[in-house]
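Read through the structure below, which is laid out as C-alpha cells, and then see the notes.
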Amino acid sequence: MNICVRADGSTGTIDNIDLLNYQGAIGAYYRTALASGLREEFGWQPIRKERNFEIAGIGDNLVSMFSKRRMQIEEIAEARGYDTATSREAAQYANLASRGTKDDLAPLEDLERDWHRQIVDEGLDYAAIWDQAEEGARLFHSSRPSILPHETPEQRQDRILLEAIETLLATSTVVEERHLLQTGFEALQCEVDAASATRAIERLSSSGLLVELGRHKDRPVYTTQSMIDLETGMIAAAVASKGEREFVPLERVEAALAKRPTMSAEQMDAVRHALNTDGVAVVEGHAGSGKSFSSGAIAEAAREAGLEVHTIAPSWKATEVVRSDTDTTEEMARAVAKFLHEARSGDRHIGRNSVIILDEGGMVGLREMAEIARIAEEAGAKLVIAGDTRQLKPVAAGAPMELLRQHLGSSEITEIRRQREGWMRQASTDLATGKIEAAVDLYDKAGKVHWIAGRDATFAALARDWVEDVRQRPDESRIVLARRNADVNRLNELLRAEYAALGKLGDEAVTIKAVARGNGGAAVDLELRVGDRVIFGEGVNVRGHRINNADLATVVAVSGGRDPVLTVRLDKGAEVSARATEFAGWRPEGEAPVPRIQYALATSIHASQGATVDRTFVAESGGMGRESLYVAMTRHRQDARLYVETARIEDTLSSRKGVSVAASRTGASIPDAGDVDRLAATQNDIKRYAVATWSSPETKRNVTDFAKLDLKAPAAARVMLEHLRAGRHAILDRSTSGGPQIRLERQSQIPVSDRAAPAVPPAARVPMIRQAPPTAGRSAPEAPKSVPPRLQAAFERGRELARSGVVPPRQSLRISDDEKAKFLKTDLAEFAQAHGYRIDSSYSHRGQIGRDPVKIDGRSQLGWRLVAPNGDKLVIAPGSNHDMFFNWSRKDQQGWSGNILTFTNSELGLKKPGENLHYLRDKLGTGPKTSSAQPAFRERVEQESTPAIVDPTRIRRTWSKMEPGHNSRYLVEERGLRPELLAQFRATIRTEPESWTKSSNRGGVAFAHVDEEGRICGYERKGWGIQSEGKRSFSQFSANGSKTLALHGDTRAPAHVVIAENSIDGMSYVQHAGIKGNVLVVSTCGNPSAQALDLLARKASEFKSAKFEIARDADKGGEAWTGAIKAAIHLGAPDAKVAVRAPEDRYKDWNNQIRGLSRTDEVSRNKARLAEVPSAPPSSSDDKRAKPQQTERHVPKL
C-alpha cells in the first residue's frame, strides 16, 4: 500500500509517477531476470511469447491448470463484455471481483497438496514435469544454435536488439525512453540476464545509432539520423519547388471551374491552390466537404492542359473512389505501394508533363510520402496532396501531410455537404474541430446514441436495428463499423444470421478454409451461400481478372466438392468464377493455398475512410479516439447511430474509486471490500468518461515537433536538399536558445585528421541513453569515450583510412550543375563520331568535308552534317558565342532537338532518368576520383565492362515473360539452395521457361540487375547448359543489358548486407551462415562495372548501420575483387563495419561449400559428365540449328 506517516505525524504517499510511466519497462526487466534465473538455476529454456515467455517442453494443459486466476478474470471480463488486453483499468475491476477475502486464503501447505493432486490427475508428477522441461531445453538448443557462425554472443544481442528497435521505428519516427527500454528488455528476456540486457541497451545508446531529439513530459525522446534526414529531405524537396513554374494555365483552371456551377467558393479556391505554380500543393477538407468533387476539377483542368494525371491513394479501396471522382482510367490509378513499385522498376514514367493527385494523404506514412515527393521533384512533376489531417493517422511512421501543411500552407474546405440534416452537418463540423462533447450531445439528444452494458447485448441491439433498416429501406446503402478486427468478425457473424433470417441468402452452402483479419493469420471454416457479401484481404490474379486488396464482392453461385467453385461479382463490375484455392495469392512452398476472404457486412473504421453511404451503424466497444469517432460518424448522408458498450466504462470508473483507508502511526487498517456493486458508476459518469476518451487525439509525432526546422525560403531548401543528396546529414544544433534546431552539417574545410573528437555530454536523468553531442558538425569517425572495445577498432580503421587518403571523408555521387555544364560544352560532333555516326561527305564548305552553315538564334554557325548508323541524317552545330553549347537536329525535323543530354536519350537509347548523365560522366571522365588507390583498377574495369548502352524496353519485356524463379529446379536440385531461403528473394529471381526454343535457356534462372532508380536494366543468367554437349551449366549476362548490381531482399533498411561475385554465392553464404531477418544480397556478376561501384557506394551511404559481409571466392581473383568492393563501401560509408568471409580452402566458392563439392570432387564430376556425352551427329549445312553454336561469355577475373 503506497501510504506512509511522516516524522511530523502527517501522512503522504510516494510520488510514483515515474514508476507508473515505466511500469512496462520494469515488468520487462523483471521477466528478463526471472527467465535468466530459470535458465541458470534449473537449465530450463524460456521461449518468448509476445511480450512474455513460456518454458520449452511444458504443455498447454499445465499452463492452463496453473492459470486459473487469470481464467477467472477473463471470464468476468467476457461476461461484462470487454477485453482485458485493451481495457486495462476495467481489468482491475475484474481482478478485484475475482479476489476472495483474506480469510479465504489457504495455507501454503494446503495449496501445495492441491497442486500435487491436480498434477496427479493429469497423469504426471513433479519428476515428469522436470523431465519435460529438460527435454524441451535440449530440443531447443539442438534445433536452433545460440549464435550464428562468426557471431559473438554480444553481436547476437546487438543484432536482436537492433531488429526490435527497427520494428518499433517502423510505426513511429520518435521513440520515448520508456518504450525503448521496454522493447529492449522484451527482445532479450530469453537470451541473457538482466545485467547483460542492460549493457546491450547501453551499447546501443553509445553507438550513435539513436539521437536524443528532445523531451516529452520531461523524459527523453529518441530518433535516428536517417529519420531526421528523411523528414528534412521531404520538407526541403517540397519547399524547394515553391514557385517552380506554371503547370496549368489559369484560363484552363477557370474553364474547368465554369463547368461546375455548384462548387462553393472554398472548393474553387482549393482547385486554384492545387494547380498553382508550386511543385507541391496541399488541399485539406473536412469529412463530407467535397474534396473528391474538387479533385475531379483538378484532374480535368490538368488533362485539358495536355498533362497526364496519375491518381493514387493509400489503399485500393480509396484508389477506386478517387479514380471514379476524377474520371481516371484504371491504368492511371494505383494504390501508393503499387505506384511506387512501378516508378522504381521503370514501368511507370513520371515526367514534367505529369500531375500526381494523392488522395487521403493523411494516411500515408513518412517513408512513402518522402519517396512520392522525391519522384515528383526529380521529374519536375506536379504533386497535389488532398486529405484531412484530423482523420485517421498513418499506420506507418510519421504524419507527413501535417508537416507539409505546416511548411507549405494549404487551402481548406470546411463547409459540410454530405449530411442532409443541418444539425448533422453541425455535428460533423464539431467533430472536425475537436468539439467532441457538443457533437455527441447532438446525436444523443436525437436518440442516436445507445448506451448498453455488455458487448454481446450491444452488438445484438445493433444487429436488430440494422436488419430492420434493411427491411424498411432495401434500396439504400449502409455500413456497420467497429474499431477492432475481432469486433468486426463478431458483428459479421450476427449480421449474417439476421441476413439469412431475412431470406437474403441461398439454401445451398459450401464451406472453405479462409483467413480473416483479427484471427492471427489462422485459417478458419467459412460458410458461403449465394448472396453473401465478402471482402478480399490480398491482391490476386484469378483467371484473367485482377482482384485487389479490400475489393468487395457478392457471391452469386457456389458448387461443392473438395475445392468448391465460387462465382463472385465484384462491386467494380467483373464476375469471377474459380475454385476456392485459386483466390489465394502467392504462398511459400509447403503452405496451403488458403484465400484471405471474410464476410463484409461489417468492416473496420480504418478501412472505411473515404467511403460514403446512406446510413451508418457504429459499434464502440473500447479504444476509440478522436480521429476514429470523427471518421466513423461522418460516413453517412441520412443517418448515423452509435452503440456504446458501457460495462468496461463502469468497471474502469469503479476501479478508480478504490476503498477507504484508515491510517495512523502504528499502521493502516483496510476494511473489507464487500460488495463491489457499491462502486458502480452513474450514467452521467459513464458519458463524461466516454466523451473524455473520444476527445483524446491518436497522436503521431514527427521529428520537427521537437526540433525547429527553418526552411521557408526555396533557396535555403534547395541548399539543404543538395546537401542531403551529397551524402551529408541534417544535424541537431542544441546551442540555440530556442531549443534544438535542425541545420546543415559542415565538414568540408577542416582536414579529417585535425578535427577534435566530440565531447560527451553529462548523462541524462535515466542514464540508459546519452544525449547527442552539441557539436557544430559531424567529423570523421571519432569514437565516443565510452564506445566498447569491439567498436573502437571500427572507428580507428575508419580514421586511418581517411587520413591515408584511401577513403575520402565524403564525396558526392550526384552530378553537379558544373559537371552538367561540361557535358553541354563537349564537342558533340566528335562524341557522335565516337558512337558510330559518320561524316556526310555529300556536304562541304570551303573544302571542309561534312561542314555546312546553319542558323542558330538568327546567327550563322558552321555545323556538321552526319549520318546515323541507321541511315538517318543529322546536323550538329555549336550554339551562340554566349553559351557555347552544342545542338543537334534530325534533317526532317523543324527546329533543334536539343543538346548532348537529349542526344544520349534519343539517339543512344539512354532513357532512364540519370542514366545518360552517369554514362556521360564515365565516357568523358568528369566525375570525382574515388581514391588515389583506385584509378588503375577502375580503368581496367571500364575496359572489361559491357557498354552501358542498353535497350531497357527489350530487357523488361523479356523479364516479364519469365516465370517466378524461387522454386527453380536448377537452384534447388543443382545448386542446393533451400526453397524457404529463395522465397525471401523471389521478387528478383525468374526462371527461363523450359518451353523456350534455345536449349541453353531451358530451365535457367535470371537475377535482376537494377539502375540507380531501382529499375531493371539487365540480368545475370545461370542454368543447366546444353546437355548434349556435356555443358551442364552456363553463366552469362543478358544481351543488350547494363551490368550494375543485383539487389535481392530488403532494399529499404537491411540489418545485413552480403556482397558476392554472383547471386548464387551470396545466397549460399546467407544459407551457410544462417542469417535471418532483414538481409540484402548484392551481386556484381563477376568484375564490377564502374556504374556498379558507384551504385554500391551509394547503397553503403544509405545503409550505414548495416553489417556488411563480403562473401568472396577462394582464389586470387577474389582478393582483387574484394579490395574493390571494400573501397566502394568505405567511399559511401567511411565507418562501415565490413567483414570478409571466404570459404574453406578446399572449396572454390560458397555454393560449392554448402553442397560439399570440393575442388577435387568438382574436377572428377566434370570429367564423368563429359564422358557421358554421346558423339555429336554431323552438322548439316541446310539446317543451322542441327548443332547449336552456343558460346559462353567470358567474365574475366582480376
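Numbering (UniProt numbering), first residue to last: 1 to 1198. Just so it is clear, CB atoms sit at the ideal spot from N, CA and C, and this is done for glycine as well.
Asked	Found
Does the stretch 276-287 come close enough to the stretch 232-250 that 3 or more CB-CB pairs lie under 8 Å?	yes
If I'm right that residue 1079 touches residue 1049 with Cβ under 8 Å, what's the distance once you round it to whole angstroms?	5 Å
Assuming contact is defined by CB atoms lying nearer than 8 Å, are residue 531 and residue 555 in contact in what I supplied?	yes
Give a yes or no on whether the C-beta atoms belonging to residue 184 and residue 209 are separated by under 8 Å.	no
Closest to residue 1143 by C-alpha separation, out of 1161, 121, 1137 and 1110, would be which residue?	1110
Residue ranges of each alpha helix (DSSP H) run of no fewer than 4 residues wholly in the stretch 812-854, ordered along the chain?	817-824 and 828-834
Just the C-alpha distance for residue 237 and residue 382, rounded to the nearest angstrom, thanks.	12 Å
Please report the distance separating the alpha-carbon of residue 224 from that of residue 704.	13 Å
For residue 482, which of helix, strand or coil comes out of DSSP?	strand
Where does residue 1152 fall in DSSP's three states?	helix
Find the nearest neighbour of residue 590 within the set 980, 682 and 419, judged by alpha-carbon distance.	980
Tell me which residue opens and which closes the alpha helix (DSSP H) that residue 1069 is part of.	1063-1073
State yes or no: is the C-beta of residue 366 within less than 8 Å of the C-beta of residue 230?	yes
Using the Cα positions of residue 206 and residue 732, report the straight-line distance between them to the nearest angstrom.	17 Å
With a threshold of 7 Å on Cβ separation, who are the neighbours of residue 296 within its own chain once the five nearest residues in sequence on each side are excluded?	325, 326 and 327
For the alpha helix (DSSP H) that residue 1126 lies in, which residues bound it at each end?	1116-1132
Measuring CA to CA, which of 567, 1009 and 1157 is closest to residue 580?	567
Could you please give me the residues that DSSP links to residue 1019 through a beta bridge?	1008
Give me the residue from 125, 287 and 1084 with the minimum Cα distance to residue 636.	287
Tell me which residue opens and which closes the alpha helix (DSSP H) that residue 1203 is part of.	The chain is shown from 1 up to 1198; residue 1203 falls before or after that span and cannot be answered.
Which of the three DSSP states, helix, strand or coil, is assigned to residue 956?	helix
Just to confirm my understanding: we take residue 926, look at its own chain, exclude 5 residues before and 5 after, and list those with CB closer than 8 Å. What are they?	819, 822, 823 and 920
Are there 16 or more other CB atoms within 10 angstroms of the CB of residue 1017, so buried, or fewer, so exposed?	buried
Mapping DSSP to helix, strand and coil, what is residue 1036?	strand
Any idea what DSSP makes of residue 223, helix, strand or coil?	strand
Determine the direct distance from the alpha carbon of residue 1116 to that of residue 180, and round the result to whole angstroms.	46 Å
Counting only the same chain and skipping the five closest in sequence on each side, list residues whose C-beta sits under 8 Å from that of residue 477.	613, 614 and 615
Are the CB atoms of residue 213 and residue 174 within a distance shorter than 8 Å?	yes
Output needed for residue 193: all residues of its chain with C-beta closer than 6 Å, excluding positions within five of it in sequence on either side, in chain order.	36
Find the nearest neighbour of residue 158 within the set 1063, 1071, 1130 and 1056, judged by alpha-carbon distance.	1056
By a C-beta neighbour count over all protein chains shown, 10 Å radius and 16 as the cutoff for buried, is residue 1163 buried or exposed?	exposed
Any idea what DSSP makes of residue 17, helix, strand or coil?	helix
Please tell me whether residue 528 and residue 510 are closer than 8 Å, where the distance is taken between their beta carbons.	yes
Quick one: using the 10 Å Cβ neighbour count with 16 as the cut-off for buried, is residue 502 buried or exposed?	exposed
My parser needs the beta strand (DSSP E) runs of 3 or more residues fully inside the stretch 167-197; what are they?	none
Secondary structure at residue 732, three-state DSSP: helix, strand or coil?	strand
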